[in-house]
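Scroll down for the structure; my scribbles are underneath it.
Protein chains in written order, with UniProt numbering: chain U, 1 to 253; chain S, 1 to 493.
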């Protein structure tokens, strides 16, 4: 039975209306509701189901970020993860962190914890990078099953049904492997009050990136973040002749 | 005003009649009302309060705000406006009152009784721009929601807290709108309806006064302080004022949830099972009846595969031990009534799919004749009278030859007949629904358990509560809204 590592990210909640900071350096995150990345919720749920079906021995939730990320870990623990690892990154350094760092961290942790399976959400809803699973697999030289909409584990054989542009692709991976969860993989359970209470007592280890030999340095600089342009008002035309002449005027036909 | 009535193509109504009856039948200074309202002046005034971007008079927008999920179609509102704050709602109300312009609050437009359908010139006040969830108190299990927040949105927001809001009418309705109609749902048998789950309301009266029905900071579970204005507003269908925030009572997520379906040879077997489950005081969380037609509908629309027989959809909440007990007791009762083996929803996905299919029944029945309209009855009777009420409705439905399903919250003694209305059948359907409503009243029940009176059930209200009580209700309405500007023509004709 494999030990499953699940990566969870704390992001601005999906239902919040995003606003750009006046200085255009990023989006407003202060005082804004945050929650676990929805695809990571699906990843946690899948890991817990594997454990319930006795395919996994232990589910370890991992998060990288400042102190507030503890909340995200507690949610994973309340859903049923056994213990958590908080790779603490000071708030000032956090903007520098991206999938490259997280995947190095997950790779090191997978080796340290002797994990047999890593499940992460396919992408985070704040940066939409869709890179962590792939880079983690690369660092570990493990096979990857991304955009998983179905997962079946038999011994050390992992069957993954992937959602791709053309339809569904079924692949077989030999464990250990990395999987990224897509929307239709499952519908996550709700946390119950007794489980939230129990989660408070579950073990959470704290590490720093340097403990794992990972440096937080980046070659990427964000120049500007701005709102999408305001939509221009449309215009009404009386008939198809006018439509065609207006389209011609605009050089569109 | 006659201009936009004639623009509506395809709706069957007599253009002048609703207008005339509206003027004739509204009480409380009807003469002072709207005959001379200067719509352009009101429009300009509204634009100066909310900004011209949030005032609309286009046909498409007015049409969208002229109806809900029911078949009631009368007129279009003259203007649609979107206030962005409680302050703006108050200013809008003051302006409309100054111009004697009737006002209709609008949320998600998912009502079932035509509550938002204008019956005369009016402003539709779309409150959904007020859409915040605030003041969540995890330890006290309460939270506040504004009109733009729907029930699914609230539960999504609460998903990691271990708390949820259980009132679940079929559509993803606005919580404040649910308060306005006194809504209920599949979970009411165990968790109550809006009445039991609203602690306080912030409301704006027709004259612009902003107040809290229980007092500004109140959020306690019970109170004996003064008259219960919170409950007065619940079910008032926009006739007493605007609901701009609701303080809601939350519940803990059940430790364990088990859902199953059970089929029966006849609908009476299913109904008797339901009655006996309640009489044994089993704390069942959901117990929903679906007749043969309803099952055909869900199989067709939601791709379920249940045998075409009457069913009970069941759900049990509790700890592993208590749900086990409830299941055993319920299975025994079902067995005594020729019920089948329980078919369980094994995974979270199957569970979600099952209950979404139940919630989608309105659309599923309408899907038998795509593009059709339909009506829903909403009889609610004492549980012991359920068998008589349902067999009376079933007989009427059979006789009529209309396409319809009988289904609903038998746990509360409440069931619906969803009946498709084809063009030439309007009169027949009307007499059917009237008969069902009257029977419910005869049996000590109500013609509307959760949808409200709206437009269609106004004649039944008098029969149900009696003349003296009705008179008292009208007196209360007059003291809240002396000019009769709040959603005129609804609840009372």
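Heads up, the beta-carbon is just placed ideally off N, CA and C, and yes, glycines get one too.
Buried versus exposed, by CB contacts within 10 Å (16 or more), residue i
| i | result |
| --- | --- |
| residue 97 of chain S | buried |
| residue 347 of chain S | exposed |
| residue 472 of chain S | exposed |
| residue 53 of chain U | exposed |
| residue 209 of chain S | exposed |
| residue 220 of chain S | exposed |
| residue 233 of chain U | exposed |
| residue 91 of chain S | buried |
| residue 108 of chain U | buried |
| residue 48 of chain S | exposed |
| residue 467 of chain S | exposed |
| residue 297 of chain S | buried |
| residue 448 of chain S | buried |
| residue 86 of chain U | buried |
| residue 7 of chain U | buried |
| residue 36 of chain U | buried |
| residue 261 of chain S | buried |
| residue 26 of chain U | exposed |
| residue 106 of chain U | buried |
C-beta contact flag for residue i and residue j at 8 Å
| i | j | result |
| --- | --- | --- |
| residue 85 of chain S | residue 130 of chain S | yes |
| residue 419 of chain S | residue 410 of chain S | no |
| residue 91 of chain U | residue 73 of chain U | no |
| residue 327 of chain S | residue 258 of chain S | yes |
| residue 271 of chain S | residue 436 of chain S | no |
| residue 432 of chain S | residue 386 of chain S | no |
| residue 359 of chain S | residue 170 of chain S | yes |
| residue 42 of chain S | residue 123 of chain S | yes |
| residue 113 of chain S | residue 456 of chain S | yes |
| residue 103 of chain S | residue 206 of chain S | yes |
| residue 243 of chain S | residue 201 of chain S | yes |
Chain S contact for residue i (CB, 8 Å cutoff)
| i | result |
| --- | --- |
| residue 84 of chain U | no |
| residue 69 of chain U | no |
Reference residue i; option with closest CA among the options
| i | options | result |
| --- | --- | --- |
| residue 338 of chain S | S:122, S:126, S:412 and S:266 | S:266 |
| residue 408 of chain S | S:87, S:46 and S:286 | S:286 |
| residue 401 of chain S | S:425, S:412, S:385 and S:83 | S:425 |
| residue 173 of chain U | U:181, U:105 and U:157 | U:157 |
| residue 143 of chain S | S:127, S:152 and S:163 | S:163 |
| residue 83 of chain S | S:204, S:421 and S:150 | S:204 |
| residue 187 of chain U | U:23, U:2 and U:42 | U:42 |
| residue 423 of chain S | S:453, S:414 and S:373 | S:373 |
| residue 274 of chain S | S:189, S:369 and S:403 | S:189 |
| residue 46 of chain S | S:94, S:74, S:61 and S:357 | S:94 |
| residue 34 of chain U | U:10, U:3, U:169 and U:205 | U:10 |
| residue 288 of chain S | S:301, S:268 and S:312 | S:312 |
| residue 125 of chain S | S:485, S:492, S:491 and S:493 | S:485 |
| residue 445 of chain S | S:454, S:380 and S:475 | S:380 |
| residue 76 of chain U | U:67, U:94 and U:40 | U:40 |
| residue 382 of chain S | S:412, S:493 and S:117 | S:412 |
Within chain U, partners of residue i - CB distance below 8 Å
| i | result |
| --- | --- |
| residue 378 of chain S | Under the 8 Å cutoff, chain U gives no residues; its nearest Cβ is about 30 Å from residue 378 of chain S. |
Closer than 9 Å at the beta carbon, the chain U residues around residue i
| i | result |
| --- | --- |
| residue 157 of chain S | 13, 15, 33 and 35 |
| residue 255 of chain S | 192, 193, 194 and 195 |
| residue 164 of chain S | 190 |
Per-residue contacts from residue i into chain S (C-beta, under 7 Å)
| i | result |
| --- | --- |
| residue 75 of chain U | 160 |
| residue 187 of chain U | 348, 349 and 352 |
is_contact[residue i, chain U] using C-beta, thresh 8 Å
| i | result |
| --- | --- |
| residue 153 of chain S | yes |
| residue 27 of chain S | Annotation note: pLDDT 43 at residue 27 of chain S (below 50); position unreliable, no value reported. |
| residue 87 of chain S | no |
| residue 252 of chain S | yes |
| residue 17 of chain S | Confidence at residue 17 of chain S is low in this model, with a pLDDT of 44, below 50, so its placement is unreliable and no value can be given for it. |
| residue 104 of chain S | no |
Test: residue i CB closer than 8 Å to a CB of chain A
| i | result |
| --- | --- |
| residue 440 of chain S | The question asks about chain A, but that chain is absent: this structure's protein chains are U and S. |
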